[in-house]
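J.:
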Amino acid sequence: MLNIHNLSVSFGGTFLFEEVTFRLGAGDRVGLVGKNGAGKSTMLKMLAGDFKPDSGTIATEKDVRIGFLRQDIDFVKGRTVLDEAYQAFEEIKRAELKIDEINHQLATRTDYESESYSELIEQLSDVQHHYEILGGYNYVGDTEKILLGLGFKREEFNNQTDTFSGGWRMRIELAKLLLQSNDILLLDEPTNHLDIESIIWLESFLKSFPGVAVIVSHDKMFLDNVTNRTIEISLGKAYDFNKPYTEYLVLREEIREKQLATQKNQAKKIEETQKLIDRFRYSATKSSMAQSLIKKLDKVERIEVDEDDNSVMNISFPVSVTPGRVVVEAEHVTKAYGDKVILKDISLLVERGSKIAFVGQNGQGKSTFIKAIVNEFKYDGSIKLGHNVQLGYFAQNQAEYLDGEKTLLDTMLEAATDTNRSKVRDMLGSFLFRGDDVEKKVKVLSGGERNRLALCKLLLQPINVLLMDEPTNHLDIKSKNVLKAALQKYEGTLLLVSHDRDFLQGMANTVYEFKDQKIKEYLGDINFFLEQRNVDNFREVEKKDVVVKETPKQVKNLSYEEQKAQKSLQNRLSKIESQIQQLEKDIQNDDKELASNYDKHIENASFFAAYEKKKAELDKLLEDWEAVQLEIDNLS
Numbered sequence: 001m002l003n004i005h006n007l008s009v010s011f012g013g014t015f016l017f018e019e020v021t022f023r024l025g026a027g028d029r030v031g032l033v034g035k036n037g038a039g040k041s042t043m044l045k046m047l048a049g050d051f052k053p054d055s056g057t058i059a060t061e062k063d064v065r066i067g068f069l070r071q072d073i074d075f076v077k078g079r080t081v082l083d084e085a086y087q088a089f090e091e092i093k094r095a096e097l098k099i100d101e102i103n104h105q106l107a108t109r110t111d112y113e114s115e116s117y118s119e120l121i122e123q124l125s126d127v128q129h130h131y132e133i134l135g136g137y138n139y140v141g142d143t144e145k146i147l148l149g150l151g152f153k154r155e156e157f158n159n160q161t162d163t164f165s166g167g168w169r170m171r172i173e174l175a176k177l178l179l180q181s182n183d184i185l186l187l188d189e190p191t192n193h194l195d196i197e198s199i200i201w202l203e204s205f206l207k208s209f210p211g212v213a214v215i216v217s218h219d220k221m222f223l224d225n226v227t228n229r230t231i232e233i234s235l236g237k238a239y240d241f242n243k244p245y246t247e248y249l250v251l252r253e254e255i256r257e258k259q260l261a262t263q264k265n266q267a268k269k270i271e272e273t274q275k276l277i278d279r280f281r282y283s284a285t286k287s288s289m290a291q292s293l294i295k296k297l298d299k300v301e302r303i304e305v306d307e308d309d310n311s312v313m314n315i316s317f318p319v320s321v322t323p324g325r326v327v328v329e330a331e332h333v334t335k336a337y338g339d340k341v342i343l344k345d346i347s348l349l350v351e352r353g354s355k356i357a358f359v360g361q362n363g364q365g366k367s368t369f370i371k372a373i374v375n376e377f378k379y380d381g382s383i384k385l386g387h388n389v390q391l392g393y394f395a396q397n398q399a400e401y402l403d404g405e406k407t408l409l410d411t412m413l414e415a416a417t418d419t420n421r422s423k424v425r426d427m428l429g430s431f432l433f434r435g436d437d438v439e440k441k442v443k444v445l446s447g448g449e450r451n452r453l454a455l456c457k458l459l460l461q462p463i464n465v466l467l468m469d470e471p472t473n474h475l476d477i478k479s480k481n482v483l484k485a486a487l488q489k490y491e492g493t494l495l496l497v498s499h500d501r502d503f504l505q506g507m508a509n510t511v512y513e514f515k516d517q518k519i520k521e522y523l524g525d526i527n528f529f530l531e532q533r534n535v536d537n538f539r540e541v542e543k544k545d546v547v548v549k550e551t552p553k554q555v556k557n558l559s560y561e562e563q564k565a566q567k568s569l570q571n572r573l574s575k576i577e578s579q580i581q582q583l584e585k586d587i588q589n590d591d592k593e594l595a596s597n598y599d600k601h602i603e604n605a606s607f608f609a610a611y612e613k614k615k616a617e618l619d620k621l622l623e624d625w626e627a628v629q630l631e632i633d634n635l636s
């Protein structure tokens, strides 16, 4: 389906890729991995046709459709969520316009006996048939199903897209891709802005996707659950394995160990041969043997060990000054957006040196509470900072606050103080921005590189209380580990929001779960919290209506009358579904009859009256179905 042959790309004389070759076929779900800046996003852009390589070829089969989920998206203002999602159906929308245009002509013209009128009716029949083949009668339902799966509520469908955050706009873009019937999906960090429910839904979708999916992600669990192949980009080369991520890591290490062992044996033999050559080189009787050994040695193909890029950032968070015993004191904090209450009567006391994790579903108020501490908006209640407290805040969308037109060096210099301005270049170097890298503009950085820059910038300010909201978004796995080690060594106070259990392990000594506008304290680490909740991982905690493992799901005990009512409702629902199915079939037949025999029915008022009556009945039945289903849900 997609062939990549001898692909090479260089920037400033340095190769990002050099003669990379691989092939992608139907059913391949590839995890494209590598450190930040290795070229993963650049590879996706080349596969999408946005960026041309210096040399090599990318060949696709004829009529292959490629969908690309970029990290940076831009919507047309004024569109609703549904309007934007419907952009996935360009051909269907064109067919709809054509059908409307022809129907308007048929309704306004009176030359019913003319040949052109008959041709118009035939044209309508053809367009309607094409519309049906394209899925025109199903696209509205498919769109709603995808949007609901990605976490949108039905009442939000008609909201303007510019009223949503960048994360939710990313979900709309993802919905469009999934609706386009693409043969190849290129997904750049698709889970960064999704909650657990939506991630699980996306996993299910991708596992049943028949085409090719190429996924850039640093979410190990997501890669393991979805991918069946891993391609690592490292130091300009691509390493291809038919294994999901964790299995690939094991296999990659086994191969390197074998290469090292074989290389060691070969080096030993070469050393022995060289000694013989040196011994016999100037001997009159053995010189011919020495020459033979030299020729033999020249023919030996040296075994190379796959290089591993072990460069990591060097990071530490020094404590500025020692604050008072109590660093944050929150009392009766309440925050609502309109009628929606996020936090209600929250009280919390944070002492110096605490390491606290905030966990829970998206939308439960974790980030809201962090923003309240830094006084980003008004709220009810009070939050007091202790004596000598100096906050350092890393927002979930921290990288978005960086000016894309400025260079890395200018970004740092503007934020620096007189005491650390001279250290800016060294600090950038410790975050892997070296040499000419510091003159790059921020807009050319990958998502992970922007996060690294934001972390580096954070260190320019005096800090003794760190507030970090999802700091690992976009960071590669090695960078995550370095950040984790730095936070573990940090001697100040830490408040950390994260969904990543691996990252949180060994990090916090207190956990607060945000749920239903309240918080609950767990005096232990993340493993203690999970034990108390009787679950294995965050996915179970963050799923809606989580089921505790030690007790079976509670089923409501219905009385005899309730059971009788439930059965009656189920029967009624089945009857309505049968009626809906029959009416939809009748209306479709009427559409075909009208298209093929329009002049026969044009003056037949009873036909059109019956046709409109069926459509009205269908609308009423759909309303009845929703009402009955709601009754069943309330009774269960």
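For reference, each letter of the sequence shown is one residue, going 1 to 636 in UniProt numbering. Glycine included, every Cβ here is placed at the ideal spot set by N, Cα and C.
Which of the three DSSP states is assigned to S217 in this structure?
T.: coil
J.: Just how far apart, CA to CA, sit D500 and Y248?
T.: 21 Å
J.: Do K613 and I587 come within 8 Å of each other at the CB atom, strictly closer than that value?
T.: no
J.: Which residues does DSSP pair with N3 in a beta bridge?
T.: R23, A59
J.: If you draw a straight line from the alpha carbon of K145 to that of K176, how long is it in whole angstroms?
T.: 12 Å
J.: Is it the case that the region 230 to 243 contacts the region 23 to 34, given that we only count it when at least three CB pairs across the two stretches are under 8 Å?
T.: Three or more Cβ pairs drawn from the region 23 to 34 and the region 230 to 243 lie within less than 8 Å of each other, which places the two stretches in contact.
J.: So K478 is in the alpha helix (DSSP H); what residue range does that whole segment cover?
T.: Its alpha helix (DSSP H) spans residues 477 to 489.
J.: Assuming N464 contacts V389 under a Cβ cut-off of 8 Å, what Cβ separation, rounded to an integer in Å, is found between them?
T.: Contact between N464 and V389 holds, since their C-beta atoms are separated by about 7 Å, short of 8 Å.
J.: So, does the region 498 to 513 touch the region 467 to 482, judging by three or more C-beta pairs under 8 Å?
T.: yes
J.: Evaluate contact between the region 430 to 447 and the region 399 to 415, counting only Cβ atoms and requiring at least three cross-stretch pairs below 8 Å.
T.: yes
J.: What is the rounded straight-line gap between the Cα of E113 and the Cα of L134?
T.: 32 Å
J.: Taking the straight line between their C-alpha atoms, what separation do you get for residue 644 and L174?
T.: Lying before the first or after the last residue shown, residue 644 is absent from the chain, which here runs from 1 to 636.
J.: Drop a sphere of 10 angstroms on the beta-carbon of L147, count the other beta-carbons inside from all chains shown, and report buried for 16 or more, exposed for fewer.
T.: Under this definition L147 is a buried residue.
J.: Kindly give me the distance between the Cβ atoms of S354 and T510, rounded to whole angstroms, as I take these residues to be in contact under 8 Å.
T.: Confirmed, about 6 Å.
J.: Strictly under 8 Å for the Cβ-Cβ distance: is D502 near chain B by that measure?
T.: Given the protein chain composition of this structure (a single chain), no chain B is represented.
J.: Counting only the same chain and skipping the five closest in sequence on each side, list residues whose C-beta sits under 7 Å from that of F68.
T.: L44, A48, L186
J.: Excluding the 5 residues preceding and the 5 following A59 in the sequence, name in chain order all residues of the same chain whose CB lies nearer than 7 Å to its CB.
T.: Once the five neighbours on either side are set aside, the close Cβ partners of A59 are N3.
J.: Looking only at its own chain, which residues have a Cβ that is under 6 Å from the Cβ of A88, when we skip the five neighbours before and after it?
T.: K176, L179, Q180
J.: Leaving out the 5 sequence neighbours to the left and right, which residues in its chain are closer than 7 Å to S367 when beta-carbon positions are compared?
T.: Q396, D469, V497
J.: Mind checking which residues open and close the beta strand (DSSP E) that includes F514?
T.: 510 to 515
J.: So who's on the other strand from V9, going by DSSP bridges?
T.: F17
J.: Whose CA, out of K340, F164, R281, lies closest to the CA of G78?
T.: A check of alpha carbon separations from G78 across K340, F164, R281 identifies F164 as the nearest.
J.: Whole angstroms are fine: how far does the CA of F15 sit from the CA of S55?
T.: 11 Å
J.: In chain order, what residues of the same chain have a beta carbon less than 6 Å from the beta carbon of L82, not counting five sequence neighbours either side?
T.: F157
J.: Exposed or buried, which one is E189 when buried takes at least 16 other CB atoms within 10 Å?
T.: buried
J.: On the DSSP bridge assignment, give the partners of R229 in chain order.
T.: Beta-bridge partners assigned by DSSP to R229: V30.
J.: Starting from E531, trace the beta strand (DSSP E) both ways and give me its first and last residue.
T.: Segment 526 to 533 is the alpha helix (DSSP H) holding E531; no beta strand (DSSP E) there.
J.: Go ahead and pull the three-state DSSP assignment for L402.
T.: Collapsing the DSSP output to three states places L402 in coil.
J.: Which one of E122, M221, R252, R70 has the shortest CA to CA distance from I172?
T.: R70
J.: Can we say the region 329 to 339 touches the region 378 to 389, given the rule of at least three CB pairs closer than 8 Å?
T.: Yes, they touch.
J.: Between the C-alpha atoms of I576 and D591, what's the straight-line distance to the nearest angstrom?
T.: 22 Å
J.: So which of Q105, V321, R109, G365 has the shortest CA-CA distance to G392?
T.: V321
J.: How would you write the range of the beta strand (DSSP E) that Y379 sits in, first residue to last?
T.: No beta strand (DSSP E) contains Y379, which DSSP labels as neither H nor E.
J.: List the whole-angstrom C-beta distance separating N36 from R572, where the pair is believed to meet the contact cut-off of C-beta under 8 Å.
T.: With 8 Å as the limit, N36 and R572 do not qualify as a contact, their Cβ atoms being about 57 Å apart.
J.: Applying the 10 Å Cβ sphere with the 16-neighbour rule, what's the burial state of G151?
T.: The residue in question, G151, is buried, as its Cβ has 16 or more Cβ neighbours within 10 Å.
J.: Which of the three DSSP states is assigned to M468 in this structure?
T.: strand
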